[in-house]
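FYI, the numbering for the sequence shown is 1 to 131, going by the UniProt record's numbering.
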Amino acid sequence: MSSYATIYDAIGGAETIREIVTRFYPKVQAHPLLGPLFPEDIHPVMEKQFLFLSQFLGGPPLYSDEYGHPMMRARHLPFPITPERAEAWLACMAEALSETGVPESLQKLTIERLSGPAHHFINTESESSHS
Ligand code: HEM
């Protein structure tokens, strides 16, 4: 991304973020650990994620313009986020980035950036297997 100031610009801006989000949520919904946490109508969540990812990756502050301070950890507190769910979320995102054709170095960089918040949102211990 040498000639770009932000990941947002380097990956292709709004159009690319839209595609990532469109590819990401069906994977989330199909994932056994993640799907049950999300509402059936995923479209409002997709729209919010488009706004948030745009700003998180250095684009325009669309989420804050609409919803104020992101407070993302607090917004995730109603949902039991285990370490396994954080890894699953990142794995779905890695697949979406790859399918969108984001260059590999930028896929890696984006996942590195998202990995901090994903782990920070963990608020529940691993479920024991009771075996
Ligand atoms: C760590 C694993 C994660 C899980 C299990 C998870 C799960 C969820 C769930 C269940 C919702 C609420 C859906 C609803 O509206 O009913 C949500 C909302 C959201 N998540 Fe996550 N999430 C995770 C990580 C992340 C990360 C890393 C980001 C971005 C850095 C993110 C960004 C968002 C955004 C922007 C919303 C919408 C917030 C709003 O309501 O305004 N999530 N997430």
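For glycine and all other residues, C-beta sits at the position ideal for the given N, C-alpha and C. Note that the coordinates shown come from a computational prediction; the quantities given were computed from them, not determined experimentally.
Open item on the list: Is any non-hydrogen atom of ligand 1 found closer than 7 Å to the C-beta of HIS43, if you look at the structure I gave you?
Closed with: The count along the sequence shown starts at 1 and reaches residue 43 at position 43. False, no ligand heavy atom lies under 7 Å from that Cβ.
Open item on the list: For ligand 1, is there any heavy atom lying closer than 7 Å to the beta carbon of TYR25?
Closed with: Mapped onto the sequence shown, residue 25 falls at position 25. TYR25: no, Cβ never under 7 Å from ligand 1.
Open item on the list: For the structure I just gave you, are there three or more beta carbon pairs, one from the segment 11 to 23 and one from the segment 96 to 115, closer than 8 Å?
Closed with: yes
Open item on the list: Within 8 Å, do at least three Cβ pairs link the segment 111 to 120 to the segment 88 to 100?
Closed with: yes
Open item on the list: Please classify SER54 as buried or exposed, where buried requires at least 16 other C-beta atoms within 10 Å of its C-beta.
Closed with: The count along the sequence shown starts at 1 and reaches residue 54 at position 54. Label assigned to SER54: buried.
Task: Residue range of the alpha helix (DSSP H) that includes ALA118 - done: Along the sequence shown, read from residue 1 onward, the residue named residue 118 stands at position 118. Here the alpha helix (DSSP H) through ALA118 covers 104 to 120.
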